[in-house]
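Residues 5 to 331 (the working numbering) are what the sequence shown spells out, left to right.
Don't be surprised by glycine CBs; every beta carbon is placed ideally from N, CA and C.
From a predicted model like this one, the values you see are computed outputs, not experimental measurements.
Remarks on the structure that follows.
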Amino acid sequence: MTTLAQYLNKHSTSAAINDVITTLADVGVTISELLRKGALADIMGEAGNQNVQGEEQKKLDVIANDLLLDALAKNAHCAGVASEELDDATPANNDGSLLVLFDPLDGSSNIDINMAVGTIFSILPYLRQGHTSENSDFLQAGHQQLAAGYLLYGTSTMLALTIADNVIMFSLDPDTNDYVVIEDNVQIDADTSEYAINSSNYRYWHVPMQNYIDELIAGRTGVRGRDFNTRWVAAMVGDVHRILCRGGLFTYPFDTKDINKPGKLRLMYEANPMSLLIERAGGAATDATTRILDIEPNDIHQRVPVVLGSKNEVSYIKNLHMQHDQV
Ligand code: F6P
Numbered sequence: 005m006t007t008l009a010q011y012l013n014k015h016s017t018s019a020a021i022n023d024v025i026t027t028l029a030d031v032g033v034t035i036s037e038l039l040r041k042g043a044l045a046d047i048m049g050e051a052g053n054q055n056v057q058g059e060e061q062k063k064l065d066v067i068a069n070d071l072l073l074d075a076l077a078k079n080a081h082c083a084g085v086a087s088e089e090l091d092d093a094t095p096a097n098n099d100g101s102l103l104v105l106f107d108p109l110d111g112s113s114n115i116d117i118n119m120a121v122g123t124i125f126s127i128l129p130y131l132r133q134g135h136t137s138e139n140s141d142f143l144q145a146g147h148q149q150l151a152a153g154y155l156l157y158g159t160s161t162m163l164a165l166t167i168a169d170n171v172i173m174f175s176l177d178p179d180t181n182d183y184v185v186i187e188d189n190v191q192i193d194a195d196t197s198e199y200a201i202n203s204s205n206y207r208y209w210h211v212p213m214q215n216y217i218d219e220l221i222a223g224r225t226g227v228r229g230r231d232f233n234t235r236w237v238a239a240m241v242g243d244v245h246r247i248l249c250r251g252g253l254f255t256y257p258f259d260t261k262d263i264n265k266p267g268k269l270r271l272m273y274e275a276n277p278m279s280l281l282i283e284r285a286g287g288a289a290t291d292a293t294t295r296i297l298d299i300e301p302n303d304i305h306q307r308v309p310v311v312l313g314s315k316n317e318v319s320y321i322k323n324l325h326m327q328h329d330q331v
């Protein structure tokens with residue numbers, strides 16, 4: 005059995021990254037304990053405020069955000085944090101060499117129904133050490149991430165992490181609060197017959213995405229010549245975790261439901277960290293035409309269409325979009 009601490013000591017590229025990952029994982033233990041107590045810990049329901057995206061905050065969104073913020077502010081390596089729940093980035097320790105971005109509680113509509121939720125994080129280099137960090141310091145493309153991962157609070161708590169080109173899965177032992185390696189060098193198959201999408205948005209999608217889903221639904225009677233199966237956790241962490249376990253395709257594509265939201269998911273603390281994990285596990289991630297990790301951000305809260313998972317399926321969707329754009 006290898007614990008997270010032992011793994012990091014042996015494999016990580018820097019003591020600073022080890023320390024920040026350890027802080028994130030420790031907060032994950034606390035969030036996981038709160039979730040296990042559920043309503044008894046008074047974590048259910050609405051907080052009564054909206055975040056910067058105009059979304060109603062759940063009590064646990066706020067609690068998880070505060071826990072992460074407090075812990076990272078005390079970490080000497082962290083120069084600043086950006087969160088889904090904060091309008092602007094918050095400076096931490098000027099001498100720190102790292103910036104941390106997170107979605108403290110992904111899939112919050114699942115909290116009150118006792119279903120899987122998660123915490124997603126991304127670690128970037130801080131390029132102006134010695135100065136107070138600002139929003140603009142965080143605007144780095146996803147390929148510049150030094151590490152990324154998520155905590156999945158499901159039937160058990162798991163940590164999926166990518167450092168030094170590798171994807172590793174850990175399971176939290178609730179008796180010792182140690183994260184233990186359960187799979188090293190996670191790899192996903194290039195082909196899949198399983199896909200995740202919220203089909204209720206069908207009428208708002210671009211034509212190539214509608215055509216793609218029509219093909220999957222036609223199954224063995226259509227051009228794909230085989231049947232496909234749908235799964236939708238309604239928490240990106242859960243869907244990405246399934247893909248890391250057994251392959252698959254996840255998409256929250258461009259839609260015209262709200263003209264101000266050209267995609268539902270956030271680039272910097274949802275799409276980027278998940279794309280790094282998926283690519284390092286041999287998969288692919290695109291906004292339908294451009295590699296997500298190459299998108300130059302202009303806002304810490306910007307949204308992006310997301311198509312990620314098994315490589316061949318992602319490239320099939322990309323080709324449909326490119327062919328459509330050429331007509
Ligand atoms: O806001 C992010 C998120 O909760 C993702 O985790 C999830 O994939 C998606 O939104 C769920 O969206 P919907 O409510 O449309 O099913």
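Asked: Mapping the DSSP letters down to three states, classify Arg407 as helix, strand or coil.; Found: Given a span of 5 to 331 for the chain in the structure shown, any question on residue 407 remains unanswerable.
Asked: What do you reckon, is the C-beta of Asn202 under 6 Å from a heavy atom of the ligand F6P?; Found: yes
Asked: Does Lys268 come within less than 7 Å of chain B when only Cβ atoms are used?; Found: No chain B appears in this structure, which consists of one protein chain only.
Asked: Would you please state the rounded distance, in angstroms, between the beta carbons of Phe232 and Ser197? I believe it to be under 8 Å.; Found: 5 Å
Asked: Does the separation of the CB atoms of Thr123 and Pro108 fall below 7 Å?; Found: yes
Asked: Since Val31 and Ala75 are thought to touch, with beta carbons under 8 Å apart, how far apart are those beta carbons, to the nearest angstrom?; Found: 5 Å
Asked: Rounding to the nearest angstrom, what Cα-Cα distance links Tyr154 and Asn189 in this structure?; Found: 16 Å
Asked: Kindly provide the ranges of any alpha helix (DSSP H) runs that are 4 or more residues long and lie completely inside the stretch 23–88, ordered along the chain.; Found: 63–77
Asked: Residue range of the beta strand (DSSP E) that Tyr183 falls in?; Found: 182–187
Asked: Between the stretch 154–170 and the stretch 221–229, can you find at least three pairs of beta-carbon atoms closer than 8 Å?; Found: no
Asked: Suppose you measure from the CA of Arg246 to the CA of Ser314; what does that come to, to the nearest Å?; Found: 11 Å
Asked: Looking at the unbroken beta strand (DSSP E) that takes in Leu131, where does it start and where does it end?; Found: Taken as a continuous stretch (DSSP letters only), Leu131 belongs to no beta strand (DSSP E), as it is neither H nor E.
Asked: Whole angstroms are fine: how far does the CA of Gly252 sit from the CA of Thr195?; Found: Checking the sequence, you will find Asp at residue 195 rather than Thr. Going by the C-alpha atoms only, they are around 8 Å apart.
Asked: Using a Cβ-based criterion (distance less than 6 Å to any ligand heavy atom), does Gly252 qualify as near the ligand F6P?; Found: no
Asked: On a Cα-Cα basis, can you pick out the residue from Asn276, Ala285, Ile67, Asn118 that is closest to Gln306?; Found: Asn276
Asked: Going residue by residue through the stretch 111–167, where are the continuous beta strand (DSSP E) segments of at least 3 residues, counting only ones entirely within it?; Found: 121–129, 151–157, 161–167
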